[in-house]
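Inspection log for the structure reproduced underneath, given as structure tokens.
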Amino acid sequence: MDTLLQNFNDVWTLSLLLAACIALPSGIIQGYAGFGGALFAVPLFAMLFDPVTAFSIVIILMLTGQLQIFSKAVRKADWKEVAPVAGPSVVTMSLGILFLVSADPSFIRRGMGVFILLITVFMMFGYKYAGKRRILVGVATGSVAGGITGSFGVPAFPLSVTYFHNSESAPDIIRANVLAALCSTLTVSIVGLALQGVYEAAILLRAALVCPIFTSGIYVGQYLFRVAPADWFRKVTYAVLICTALILLLT
5 MDTLLQNFND
15 VWTLSLLLAA
25 CIALPSGIIQ
35 GYAGFGGALF
45 AVPLFAMLFD
55 PVTAFSIVII
65 LMLTGQLQIF
75 SKAVRKADWK
85 EVAPVAGPSV
95 VTMSLGILFL
105 VSADPSFIRR
115 GMGVFILLIT
125 VFMMFGYKYA
135 GKRRILVGVA
145 TGSVAGGITG
155 SFGVPAFPLS
165 VTYFHNSESA
175 PDIIRANVLA
185 ALCSTLTVSI
195 VGLALQGVYE
205 AAILLRAALV
215 CPIFTSGIYV
225 GQYLFRVAPA
235 DWFRKVTYAV
245 LICTALILLL
255 T
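Right, dumping it as structure tokens:
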């Protein structure tokens, strides 16, 4: 009991309060757009803590905050489409995590800035893959996305989404495929970081304290999706992501 109270006193800081403030809009973005919440939270958390701590907390928020959705998607997904992307992503992400936990944090922060900027521009232009759905394309997409995510803690899942959306499957199957692949990515990330000894008591406690706020934000975002203009919301989100990336690059 004394140890738990000591851990609580250690993590109850201004940084945690700011992280809680970040978690709410991050959850709103995730609930509204279905993606982008982690892309928003990770760099800001990295400024408060360090890149590894930031990534390790956010992926717990992402997995637990959407657990009910993920469980349904995993059962419904067409794994013949998911596997060529998720499989290679698991491999490159696991290798990338080895780099993430050992590299200089300042280098990782700047790398985060570069990749967040590139991925945001990628989303802004709304690129859609229109080529044939060859297995090698899925393998390449998953490998690149997993490598970026694991090495720099930057959720590069929007790259994989473009591949899944170029499908003749029904929209609900496409959505299930996207969510199933994301669930796989998050699970492997958590296991990989746990094997590296990242998940100390303080990090787990931070995640537990912030998670309800992030989850609440998801519900708010889902409500706003029904009442707020999508174009306006996207523009604000992109602007915030670009500003965050530039701050990481310049600090």
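According to the numbering used here, the sequence shown is numbered sequentially starting from 5. For every residue, glycine included, the Cβ atom is placed at its ideal position computed from N, Cα and C. Bear in mind the structure is a predicted one, so any value in this text is a computation, not a measurement.
Residue i and residue j closer than 7 Å at C-beta
i	j	result
G196	S98	yes
T219	S93	no
I64	A180	no
S60	L104	no
P162	I101	no
I222	Q72	no
F49	A58	yes
P47	T248	yes
L252	M116	yes
T241	G69	no
Bounding residues of the alpha helix (DSSP H) (the contiguous stretch that carries residue i)
i	result
E172	Unbroken run through E172: none, as it is neither H nor E.
A45	G41 to L52
V125	P109 to M128
T153	I139 to F156
E85	W83 to L104
C227	For clarity, residue 227 is Tyr in the given sequence; the question names Cys instead. Where Y227 is concerned, the enclosing alpha helix (DSSP H) stretches over A205 to V231.
T57	P55 to G69
Q200	Where Q200 is concerned, there is no enclosing alpha helix (DSSP H), given that its DSSP letter is neither H nor E.
P159	Run containing P159: none; DSSP gives neither H nor E here.
Residue nearest to residue i in terms of C-alpha spacing, selected from the options
i	options	result
R138	M128, F49, G100 and P88	P88
A27	A42, G38, T17 and L18	A42
L245	V86, P159 and L18	P159
H169	T17, E85 and L20	E85
Y203	V56, A144 and F129	V56
I177	W83, M66, S19 and L67	W83
Length of the line joining the Cα atoms of residue i and residue j
i	j	result
G91	F53	31 Å
A24	I217	7 Å
Y227	F111	38 Å
V231	G225	10 Å
F74	C187	6 Å
I194	V148	19 Å
A185	T17	35 Å
F126	F44	15 Å
A198	L209	15 Å
S171	G146	16 Å
M51	S106	18 Å
D108	T255	14 Å
D6	A206	Interpretation of D6 is limited by its pLDDT of 49, a score under 50 that renders its predicted location unreliable; the figure taken from the coordinates is listed afterwards. Using only the alpha carbons, I get a separation of about 14 Å.
P233	C215	27 Å
G142	T153	16 Å
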